[in-house]
Amino acid sequence: MRILLVEDDPVLSDGIKVGLGMIGWTIDHVSRCGDAQAAIAATEFDAVVLDLMLPDGSGLDVLADIRLRRNATPVLLLTALDDTKDRVRGLDAGADDYLGKPFDLAELAARLRSIVRRRHGRTEPVMKAAGIILDPAKQTAERNGKLLALSRREFAVLAALMERPGVIRSRTELEDRLYGWQEEIESNAVEVHIHNLRNKLGRDIFETVRGVGYRIRVET
Amino acid sequence: MSGSLRRRLFLVLLMTTSTIWICAVVWIWFGSRGELEQVLDTRLQEAARMVHSLVASGNITEPTSALSTDEHGYSRQLSCQIWSLDGRLLARSSGAPDASLAEDGAGFANRTINDETWRVYTIIDSAKGVRVAVGDRVGLRDRLVRDLILGVVAPAALIIPLLGIMIWISLGRGLFPLRKMANDIKARDGEDMRPLDVRDAPSEIQPVVASLNNLFQKLEAARRHEREVTAFAAHELRTPLAGLKTQAQVALAADEDAVRRSALRQILHSVERTNRLIRQLLSLAKLEALPDQAAETDINVGAALRDVIDHGPSRDGVTVTIDPALDRLVVRCEYEALHLVLRNLHENAIEHSQAPGCISWSMDVTQGSIVVEDEGPGIPEDELTLVTQRFYRGRNKVGPGSGLGLTIASTAAARLGADVTLANRDGTSGLRCSIGITGVRQAQ
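Chains as they are written, first to last, in this note's numbering: chain A, 57 to 276; chain B, 30 to 473.
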């Protein structure tokens, strides 16, 4: 999953970045409202973690701006305030969830998974397609009861394709999901991961749509 | 002043109305009485003359007994006696007393016969040898006046309660806007600080409404400020905690040694920063709790500044210069407060400086102020007045600021009778903080 983190505290944002990075997620971090708006306009994120009190304004303004652009990216608000009124205000402004500081990294990850799942209209916490069961919480994928040995990137590519089975994902889209801004992307990185996944799961698992992208093959 | 306005107004109005009525009654009493006496006296006089003229024409009959026995009402008001000059009763009207009405000379007189006072007019005609006396009972006259007064008082007795009811109802209606306003305010919850509609109010209570609205506004501003401070404080205190917790979890979960070490370093860094925040909070609390009068000592500003710089934070590549004029400046004030001003301004300058850079402390003799200038990014103009507010952290914030430094500096300066003025430097990037010390006693 690719997450945008909008938080101005360097220690906290580093912790979130490293912590969520350990479960295979790609985190992009900005610390100002303006940068957040620019990032959201330029890149498609699975979810946004937004601090309410930012040096150049309120996270609520960023949230309002996102929703005004009819951008449906799930947003989780981070706040230091306990006041119910503030939570209500945040949720009514278009936030999908809310977490008070200080929080548990595991809970943050779980809440993010939950809002992303709801965004894709899935009720089950696990994804199923082409005989594969993928559990984003446990970071595992299995087929016929056998656990598949996948690297972090391979897991991310598989998850992106299984999110909406049958929908074609372009190479750029997959790259965006895999790599943050600071990371070097090798020109054929996605092809390499697809190739490795095909070796592990079978050639027929993905369909290559020439000039468009890839999709997971759904049994008819 | 207490009690119901309606009741007060009601009593005042009712008393005024009643007094007017009572005055009218008294006035009628005296006025009518005089008038009546005059009219009745004239009647006596006329009647006496009439009887006398009849006597003059020789038409005298023997005294007849009373024609009527009706003693009630106002019938038979006049009684008439004709006496000879030698004292024989020649004639008398029915109802006239047997005793002589006339005894004295001619003209008006009051006589008491059988405990009854009579008003008598007597004509003495010595030529014919008769004395004509016509009289009426004073008691009857009094009854007449009483009845007249009763005619005025009786409706008043009826009208005053009626008037009272009308005044009560009218007052209720007149005071309705006041009651409505009171109910409107009463119905509000504690959060509702919307102004009252001035147009709804009658002109007399518009000043009250305006003052209330003014008060609402101030209250709302105070509450907003308090909410903001609480929000800032919560953010400033909980964010480092969240950072600590997250980094601790990362350290626990990390497989790689490098990741764990990095997380631990971040924890140390965060503890450092939280420690500073707490120190600043305590400084502020201490500053606010200082007694009004504290011991003042002669302080050499240059020496105090060196103490601050030696014990405070520093940054590699950033030099600090002190104007020798400051070493000659000795002020008489509270050491604690001056130390807080200097320390917080110095820390602020260090925090916003980048290597290579220079922080200069100098004396502005023309303005009478101690000046510190840094080469940092300065403060956006629109934030210059805001940064001294508690927990306010500007857009150009860098590093682990607590958001309290400039608040402490300006609060401590105010305690010294000095003031801290912030401005961006002319021509070059950086902040210029001036401590105006014209209000501080300077020792020579």
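Even for Gly, the Cβ is constructed at its ideal location relative to N, Cα and C.
Residue environment analysis places T350/B among the exposed positions, since fewer than 16 neighbouring C-beta atoms fall within 10 angstroms of its C-beta.
Using beta-carbon distances, D70/A counts as an interface residue toward chain B, with a partner under 8 Å. Listed in chain order, the non-local C-beta contacts of N377/B below 7 Å within the same chain comprise G434, L435, local neighbours out to five positions each way being set aside.
Against chain B, the beta carbon of F211/A has no neighbour under 7 Å; the closest one sits roughly 17 Å away.
Here V330/B is not near C387/B, since their CB atoms are 8 Å or more apart. In summary, the residues of the stretch 120-139 of chain A whose CB is separated from some CB of chain B by less than 9 Å are L134, T135, A136, L137, D138, D139, in the order they occur in the chain.
Around the beta carbon of P192/A, a 10 Å sphere encloses 16 or more other beta carbons of the protein chains shown; the residue is thus reported as buried. For the pair T99/A and G236/A, the Cα-to-Cα distance works out to about 10 Å.
According to the DSSP assignment, I272/A belongs to the beta strand (DSSP E) that extends over 269-272. Excluding five sequence positions before and after Y150/B, the CB atoms of its chain that fall closer than 6 Å to its own CB belong to L73, Q74, A77, F137, V163, given in chain order.
Here DSSP, grouped into helix, strand and coil, assigns W112/B to strand. For A251/B, there are no neighbours in chain A by C-beta distance under 7 Å, as the nearest C-beta there is about 18 Å away. Nearest in C-alpha terms to T129/A, of all of M109/A, L60/A, D260/A, R273/A, is L60/A.
Think of a sphere of 7 Å around the beta carbon of P158/A: the chain B residues whose beta carbon falls inside it are R267, L270, A271, K274, in chain order. Secondary structure note for E198/A: its beta strand (DSSP E) is the uninterrupted segment 196-199. Among the residues of chain A, those whose CB is under 8 Å from the CB of V279/B are G71, V74, G75, M78, L161, following chain order.
Taking 8 Å as the cut-off, the beta carbon of V416/B is found closer than this to the beta carbon of L451/B. Per DSSP, the unbroken alpha helix (DSSP H) holding S299/B starts and ends at 286-318.
Taking a beta-carbon distance threshold of 8 Å, M109/A counts as an interface residue toward chain B. Taking all protein chains in view, the Cβ of A212/A is crowded by 16 or more other Cβ atoms within 10 Å, so the residue is classified as buried.
Residue contact with chain A for Q309/B: absent (no Cβ-Cβ distance below 8 Å to any residue of chain A).
Residue pairing by DSSP puts N329/B in a beta bridge opposite V359/B.
In terms of CA proximity to D176/B, S61/B leads the group V237/B, H298/B, R344/B, S61/B. I338/B is positioned such that its CB atom lies no closer than 8 Å to that of V359/B. Among the residues facing chain B, V67/A is included, as its CB has a counterpart in that chain under 8 Å away.
Spanning the alpha carbons of I178/B and V54/B requires a straight line of approximately 7 Å.
Only residues of its own chain outside the window of five on either side were considered, and among them D64 have a CB closer than 6 Å to the CB of S87/A, listed in chain order. Around G341/B, the same chain offers R372, H375, E376, I379 as residues with beta carbons nearer than 8 Å, after the five sequence neighbours per side are excluded. At least 8 Å separates the CB of Q383/B from every CB of chain A.
Put simply, the backbone Cα of D152/A is about 24 Å away from that of L270/B. Per DSSP, A452/B is one residue of the beta strand (DSSP E) stretching across 448-453. A direct Cα-to-Cα measurement between E247/A and D91/A gives close to 31 Å. I152/B sits in a strand when the DSSP states are folded into three classes. The alpha-carbon of F159/A is positioned some 27 Å away from that of A216/A. Beyond the five residues adjoining it in sequence on each side, S391/B comes within less than 6 Å, by CB distance, of D352, V400 in the same chain, given in chain order. For F262/A, no alpha helix (DSSP H) segment is defined; the enclosing uninterrupted segment is the beta strand (DSSP E) at 262-265.
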